[in-house]
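All letters in the sequence shown, in the order written, are residues 220 to 597 by the numbering used here. Even glycine gets a Cβ: it sits at the ideal position worked out from N, Cα and C.
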Amino acid sequence: MWFQRMTLEVWFDKYQYEVDYDIGESAVKYMTFDQLGVDLAGLPLRYGYHEGRPDLRELLAHDYPGFTGENVIVTSGGSEANFAIMSALCKPGDHVIVEHPNYASMYEVPRSLGCNVELFHLEYDNAFKPDIDKLQSMITPETKIVSLTHPNNPTGSMVTEGELRRIIEIIENNNTYLLFDETYREMCFDFMLPPASILSPRVISLSSMSKCYGIPGIRLGWAATQDKQLLAQLLAIREQISITNNVMSEAIALKVLADKEKFLANARRQIKTNRDYVDQWMAARDDFEWIFPEAGVVGFPRLKKTTGVDPEDLIVSIVENYRTFTIPGRCFESDNHHFRLGFGANLDEIKIGLDNVDKALAGLKQTNSPRETKLPAG
């Protein structure tokens, strides 16, 4: 195995604490500890349960009809779940299909494991909708996993339930696995997909507390599946990495999930308002365009090439000169005219952020000169 840093995380590491406004984050605005109302007094700071707290696993299982806590393993973020799943099912040379664009870990992990990774592209001209016939044609006898993320990050694309069931039928007919990242499943506005793992023993659902709940700092995720043998393998792998979860993180997650519907209802209202505002902003522009995100908290707009502005200059100017965080398309191995735009912050922050995008673009159009760096490099 050989690992390299993800371009996306390098960008985050460089800039996320150097800005005043954030329109690039892929989550609901983060909460503070005092907002949670969690009392950790008396919590024993001992090792936790290897599979996760039993009461937390049971609470998570409530969202998967027919499942119990025995179908769920709690992990240190969704990223650990992804790593463990890929490590359990794949060996060097195996064929892995990963939807793209996507969070880079979804394809970097199997690459690092020596797998033959093939990207299944979502195309702008097809409204970032998956071409299921194309996906079917990509599967070979060597295909071990198909990895999809819906609602998608960074595009906001979403399959229908009928499309999901068709994909699962293809998976079963080819005796492969579907890893379905459904972290944004609860941030839907028109309809919500059923948890994919309840539809077939060949499916693993992956999720976390990071995106819809605004608490990425607790680093807590989970995997759910009907396949008990696979769950045992995941347990063995994570015992070589983190052994158990942070007991404080599990206590916080338990508190938030116990009152999840109230929190999610408020978050959905805010995110929908934010998304509609961004959509109106986009509709009034002749220099940007986007595919309206169906769900989640991000979109993947692009700068029109007719502007004559270098997209890298624009994004760096937005971040460095206007202290507004967003992420260039190259961080997703995509055309750099794209950038990820998150609308999980409060509306005032989004309005200022978009105004700063406008200022940065106007400045580059006017001067057409090299960017000037105001923040310290590094």
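Looking at the secondary structure, which residues open and close the alpha helix (DSSP H) in which A442 lies? Taken as a continuous stretch (DSSP letters only), A442 belongs to no alpha helix (DSSP H), being part of the beta strand (DSSP E) at 440-444.
With 16 other CB atoms within 10 Å as the buried threshold, where does H556 fall? buried
Proximity to Y343 [Cα-Cα], best of V576, T374, R330: T374
Three-state secondary structure (DSSP) of Y266: coil
Do V293 and E270 have their C-beta atoms closer together than 8 Å? yes
Would you kindly report the start and end of the unbroken beta strand (DSSP E) that includes Y234? Here Y234 belongs to no beta strand (DSSP E); instead the alpha helix (DSSP H) covers 226-234.
Sorted by chain position, which residues of the same chain lie with C-beta nearer than 8 Å to M411's C-beta, five sequence neighbours on each side aside? R404, E405
Do G563 and G440 have their CB atoms nearer than 8 Å? no
Going by C-alpha to C-alpha distance, which of E508, D529, Q459 sits closest to S295? Q459
Give me whichever residues DSSP pairs with T294 in a beta bridge. G440
Going by the CB atoms, is the gap between P349 and E318 shorter than 8 Å? yes
Please say whether L418 and R384 have beta carbons closer to each other than 8 Å? yes
Three-state class that DSSP yields for A514 in the structure shown: strand
Go ahead and label A303 buried or exposed: buried means 16 or more other beta carbons lie within 10 angstroms of its beta carbon, across all protein chains shown. buried
Alpha-carbon to alpha-carbon, E299 and Y496: 35 Å
At a cut of 8 Å, does the segment 347-365 reach the segment 257-267 through at least three beta carbon pairs? no
State the start and end residues of the unbroken alpha helix (DSSP H) segment that holds D577. 566-586
Under a three-way DSSP split, which group does F252 fall into? helix
Cβ contact (3+ pairs, closer than 8 Å) linking the segment 429-438 and the segment 243-262: yes
Element boundaries [alpha helix (DSSP H), containing G381]: 380-392
Three or more beta-carbon pairs under 8 Å between the segment 487-495 and the segment 564-581, yes or no? yes
State the DSSP-derived secondary structure class of E558, mapped to helix, strand or coil. Note that residue 558 is Phe in the sequence shown here, rather than Glu. It is a strand residue.
If you run the structure through DSSP and keep just helix, strand and coil, what is P589? Bear in mind that a pLDDT of 49 at P589, under 50, signals an unreliable position, so the number given afterwards is only what the model happens to contain. If DSSP states are grouped into helix, strand and coil, P589 belongs with coil.
Can you give me the C-alpha to C-alpha distance between R590 and S536, rounded to a whole angstrom? Confidence is the limiting factor: at R590 the pLDDT is only 49, short of 50, which leaves the residue's position unreliable, though a coordinate-based value still follows. Using only the alpha carbons, I get a separation of about 6 Å.
Using only the alpha-carbon positions, how far apart do V336 and P512 sit? 27 Å
From F544 to D241, what distance separates their C-alpha atoms? 5 Å
Exposed or buried, which one is Y322 when buried takes at least 16 other CB atoms within 10 Å? buried
Beta-carbon contacts of L338 that lie in its chain and below 7 Å, excluding the five residues immediately before and after: V317, H319, Y326
For L453 and A442, which I take to be in contact (beta-carbon distance under 8 Å), what is that distance rounded to the nearest angstrom? 6 Å
For a test of the three-state rule: what should DSSP assign to S376, helix, strand or coil? coil
Going by CA-CA distance only, name the one from F507, Q585, D446 that's closest to T525. F507
Going by CA-CA distance only, name the one from I387, T379, I569, Q445 that's closest to G288. Q445
Selection from S553, A486, E539, A503 that minimises the alpha carbon distance to F519: S553
DSSP beta-bridge partners for E508? R521
Closest residue to N301 among G333, L398, L279 (Cα-Cα distance): L398
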